[in-house]
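4 protein chains.
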Amino acid sequence: MTDGTTPTERLTAFSDAVFAVIITIMVLDLKPPAQATLSALLPLWPAALSYTVSYLFVAIIWINHHRLSLFARGATPELIWWNFAHLFMTSLIPFSTAWIADTKLAAGPVLFYAAVFVMVNIAFLGYQQEALSQASDSEVSPTIRRLTQVRALITLGAFVTAAFVAYWSPLSGFGLVCCVLLIYLRPQVPGEGLERNAHRGHLKSIRDAKEETS
Amino acid sequence: MTDGTTPTERLTAFSDAVFAVIITIMVLDLKPPAQATLSALLPLWPAALSYTVSYLFVAIIWINHHRLSLFARGATPELIWWNFAHLFMTSLIPFSTAWIADTKLAAGPVLFYAAVFVMVNIAFLGYQQEALSQASDSEVSPTIRRLTQVRALITLGAFVTAAFVAYWSPLSGFGLVCCVLLIYLRPQVPGEGLERNAHRGHLKSIRDAKEETS
Amino acid sequence: MTDGTTPTERLTAFSDAVFAVIITIMVLDLKPPAQATLSALLPLWPAALSYTVSYLFVAIIWINHHRLSLFARGATPELIWWNFAHLFMTSLIPFSTAWIADTKLAAGPVLFYAAVFVMVNIAFLGYQQEALSQASDSEVSPTIRRLTQVRALITLGAFVTAAFVAYWSPLSGFGLVCCVLLIYLRPQVPGEGLERNAHRGHLKSIRDAKEETS
Amino acid sequence: MTDGTTPTERLTAFSDAVFAVIITIMVLDLKPPAQATLSALLPLWPAALSYTVSYLFVAIIWINHHRLSLFARGATPELIWWNFAHLFMTSLIPFSTAWIADTKLAAGPVLFYAAVFVMVNIAFLGYQQEALSQASDSEVSPTIRRLTQVRALITLGAFVTAAFVAYWSPLSGFGLVCCVLLIYLRPQVPGEGLERNAHRGHLKSIRDAKEETS
Chain V
3 MTDGTTPTER LTAFSDAVFA VIITIMVLDL KPPAQATLSA LLPLWPAALS YTVSYLFVAI
63 IWINHHRLSL FARGATPELI WWNFAHLFMT SLIPFSTAWI ADTKLAAGPV LFYAAVFVMV
123 NIAFLGYQQE ALSQASDSEV SPTIRRLTQV RALITLGAFV TAAFVAYWSP LSGFGLVCCV
183 LLIYLRPQVP GEGLERNAHR GHLKSIRDAK EETS
Chain W
3 MTDGTTPTER LTAFSDAVFA VIITIMVLDL KPPAQATLSA LLPLWPAALS YTVSYLFVAI
63 IWINHHRLSL FARGATPELI WWNFAHLFMT SLIPFSTAWI ADTKLAAGPV LFYAAVFVMV
123 NIAFLGYQQE ALSQASDSEV SPTIRRLTQV RALITLGAFV TAAFVAYWSP LSGFGLVCCV
183 LLIYLRPQVP GEGLERNAHR GHLKSIRDAK EETS
Chain C
3 MTDGTTPTER LTAFSDAVFA VIITIMVLDL KPPAQATLSA LLPLWPAALS YTVSYLFVAI
63 IWINHHRLSL FARGATPELI WWNFAHLFMT SLIPFSTAWI ADTKLAAGPV LFYAAVFVMV
123 NIAFLGYQQE ALSQASDSEV SPTIRRLTQV RALITLGAFV TAAFVAYWSP LSGFGLVCCV
183 LLIYLRPQVP GEGLERNAHR GHLKSIRDAK EETS
Chain Z
3 MTDGTTPTER LTAFSDAVFA VIITIMVLDL KPPAQATLSA LLPLWPAALS YTVSYLFVAI
63 IWINHHRLSL FARGATPELI WWNFAHLFMT SLIPFSTAWI ADTKLAAGPV LFYAAVFVMV
123 NIAFLGYQQE ALSQASDSEV SPTIRRLTQV RALITLGAFV TAAFVAYWSP LSGFGLVCCV
183 LLIYLRPQVP GEGLERNAHR GHLKSIRDAK EETS
């Protein structure tokens, strides 16, 4: 029925289109200043900062989604609905980003911003659980499964903490969110096994392709 | 001519891109409040509710489109035009969603909202008819064909009813729309055979892939 | 290097994404009325009419693009640049559509609207020339090549006429544009051979697939 | 794990969707004039000019991205992050385009506009380095590698110069940017070898396909 194409192909292609629209919709909130001087860009720092952080977050979301989808074998109803829940939460990011930018990182909006991150992570946890349940043990060992889950729960805990902290000190809460994202930039540290395994698969196919062409 | 790619591949990829833009365009109607307090989010409930319901509807549309496209073999002119009619009706959802949100679920707008759902369903019925006509009887038995059609007609009838009810009591009409959507969340109940059949095909390919890797 | 994927695959996928954004961006110009009554929808007829006509035009553009891309073998620089010229002209449609809707089909805007259609057609002619030059004669016979070109030139002439007519009577000019589009809805009439040939290829693959599964 | 699909496939598909949204988002900044006369279009020349130049730039970015992705074998973390950096810088183009259009090419905005071009080029240089490092020497000879790099550095230097020039004479700076883009329209001149090589691969697959069908 779907010879030659993986059954999850259309699901990931659709998700990619949604991620692409979300990540660029945020640009629309960057309104150019009315004045024609470079110094007129300075008051835009809350918008620039929040746009950058949100961009980074969506990029990390996409990378994790991309990596996990390699393990999913079939677009089961569970996987589809967790994916839609995940996309729904992700689609709230432009809204919450605009709000913290407009209010120059006020307490309430930053709390809400962190809460959106928490909800994105909860939905992703469901997606991850479902995708990994389709992979065999030879691909993902029990140790790696546990490590992946622990990493996801620590991230979730950090975002919950950031939401609470934001209520007292929005800048500290926002800073905590940034720290978590920066840790994610080097994903091999906490979820090392999974990453290395996926990486090895990639390197292998690169090597094969090189041998073929040389 | 199109070796290695299915002839309907580009049609579904294009449709997916349109669905992705529609589902995220609605986010643009969620304007962050001017105040920086969490309580300022409360008056946004009509927007939040209608956005959520519309998101759910587009998700269900996508799932049905995704499932039916597995049966379509070729991008015939009939399939292409029914698909464009379907996408056109679907693209009215952000407009009607914004209208019910702005008017806090007033009678006229909710009637129009339900009418858009009716038109989406009529166009989908044409697409479904065309897609299933391309499938052999071994894939889709006559019983399943009839069940699928009955299910579609019942849904259509419920949305027509919701439109009429909305004229007298917009909240009841809107509630009826929500009920129909919630029933769709468990698609195996009314169109069981079709779903199970498609599911079985997926599970088979999952099993094959697992055997290959282990 | 690109085993399993056709060299024009990424070009058409990119074009599809642009078409999808263009066709849905126009929805953003449909602003819901401030009043909550159905009669408030009536003054929106210029917007609704022009959105529908533009949607129809982009749909026809997509169908023609889709059909021609089956003949293109490689993403040559010429094909890529004609394609970008074509997409550029197409991306002016939302702008010209909004203008005729805002001015309720005034003379100047309708003239400009028809002129955009002319420019889209000129760019498409270049794309068509390039795509067909890559096809062998067994796929596209010289007769069909000439017919296709004649059809494209007649369409171009009709749009040029519509632009001139619009200067004296905008409604007649707009009506002429609509007539041309309606003729395109049955593409087998003027460009019969090409269409039938492409269709036959599709039907063949449908038949093969059916035999495989039964 | 990803049999039948290249490992970079999803990365390029996602990038294409982002490019497609960016290139069409700029259209939204073209607001139709309030008057219904053709002469009302004349004051829009700064918007039309800057939109056209930015469109051309994104088209060239896409073409270079497309060509380089043919050499990349695997979606390594380095390639993914350079790609995200590249997309981020590219997504600033609609913002800077709107600013130079609104201020009718004032000094500050044109300087910023050229600076965005510089940043896009720096990120692309990283992407290029990473993609070419995955290609074998039989595909890309050391001479071609050096030529490609030299070409990229010259472009970068020209954009830096344009940014400085814009400070004294914005129109000259903008003109310099245009000149660089026009040179890129004929890419075979400075990076001849790479282009010819990729071209040859394409022509070969065209020839093979023709032989197959005839």
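Chains as they are written, first to last, in the working numbering: chain V, 3 to 216; chain W, 3 to 216; chain C, 3 to 216; chain Z, 3 to 216.
Beta carbons are placed, not taken as given, at the ideal position from N, Cα and C, and that holds for glycine.
Residues of chain W with a Cβ closer than 7 Å to the Cβ of residue 110 of chain V are, in chain order, 38, 39, 40.
Residue contact check for residue 88 of chain Z against chain C: no CB pair falls below 8 Å. When secondary structure is reduced to three states using DSSP, residue 126 of chain Z falls in the helix class. Within chain W, no residue has its CB atom less than 9 Å from the CB of residue 84 of chain C, the nearest being about 19 Å off.
Ranked by how close their Cα comes to the Cα of residue 30 of chain V, the residues Z:95, Z:182, Z:158, Z:135 have Z:95 in first place. Proximity of chain Z to residue 12 of chain C at the Cβ level (cut-off 7 Å) is accounted for by 14, 18, 68, in chain order. For residue 40 of chain Z, the closest alpha carbon among the candidates C:125, C:73, C:101, C:119 is that of C:101. Scanning its chain for C-beta atoms nearer than 7 Å, with the 5 sequence neighbours on each side dropped, one finds around residue 178 of chain C the residues 160, 163, 164, 167, in chain order. Between residue 19 of chain Z and residue 52 of chain Z, the gap from beta carbon to beta carbon reaches 8 Å or more. Below the 7 Å Cβ cutoff, chain W contributes 26, 29 as neighbours of residue 93 of chain V, in chain order. Taking every protein chain shown into account, the CB of residue 77 of chain V has 16 or more other CB atoms within 10 angstroms, so this residue is buried. Against chain Z, the CB of residue 64 of chain V has a partner CB under 8 Å away; the residue lies at that interface. Three or more Cβ pairs closer than 8 Å define a contact, and the segment 53 to 72 of chain W falls short of that threshold against the segment 131 to 149 of chain V. At a cut-off of 8 Å between beta carbons, residue 182 of chain V makes no contact with chain Z. Not a single C-beta of chain Z is nearer than 8 Å to the C-beta of residue 9 of chain V. DSSP places residue 28 of chain W outside any alpha helix (DSSP H), giving it a letter other than H or E. Here the C-alpha atom of residue 14 of chain Z lies approximately 18 Å from the C-alpha atom of residue 57 of chain V. A residue is called buried once 16 or more other Cβ atoms fall within 10 Å of its Cβ, and residue 36 of chain Z, having fewer, is exposed.
Annotated as proximal: residue 92 of chain Z and residue 60 of chain Z, with beta-carbon spacing under 8 Å.
Burial of residue 32 of chain C is indicated by the presence of at least 16 other C-beta atoms within 10 angstroms of its C-beta. DSSP, read as helix, strand or coil, puts residue 141 of chain C in coil.
Taking each of Z:34, Z:28, Z:45, Z:74 in turn and checking the Cα distance to residue 11 of chain Z, the smallest one comes out for Z:74. Taking a 10 Å sphere around the C-beta of residue 170 of chain Z, we find fewer than 16 other C-beta atoms and assign the residue as exposed.
For residue 23 of chain V, the residues of chain Z that pass the 8 Å Cβ criterion are 19, 23, in the order they occur in the chain. Residue range 95 to 104 is occupied by the alpha helix (DSSP H) that includes residue 100 of chain C. Rounded to the nearest angstrom, the gap between the Cα atoms of residue 109 of chain W and residue 38 of chain C is 7 Å.
According to the DSSP assignment, residue 90 of chain V belongs to the alpha helix (DSSP H) that extends over 79 to 92. Taking 8 Å as the Cβ-Cβ cut-off, the segment 96 to 107 of chain V approaches chain W at 96, 97, 98, 100, 101, 104, 105, given in chain order. For residue 173 of chain C, the nearest beta carbon of chain Z is not closer than 8 Å to its own beta carbon. Within chain Z, 40, 43 have C-beta atoms less than 8 Å from the C-beta of residue 114 of chain C, given in sequence order. Leaving aside the five residues that flank residue 54 of chain C on each side, none in its chain has a CB nearer than 6 Å to its CB.
Secondary structure note for residue 175 of chain C: its alpha helix (DSSP H) is the uninterrupted segment 172 to 186. Here residue 114 of chain C carries a helix assignment [DSSP, helix/strand/coil]. For the set C:82, C:116, C:72, the Cα lying nearest the Cα of residue 180 of chain C is the one of C:116.
Going by C-alpha positions, residue 128 of chain W is about 6 Å away from residue 84 of chain W.
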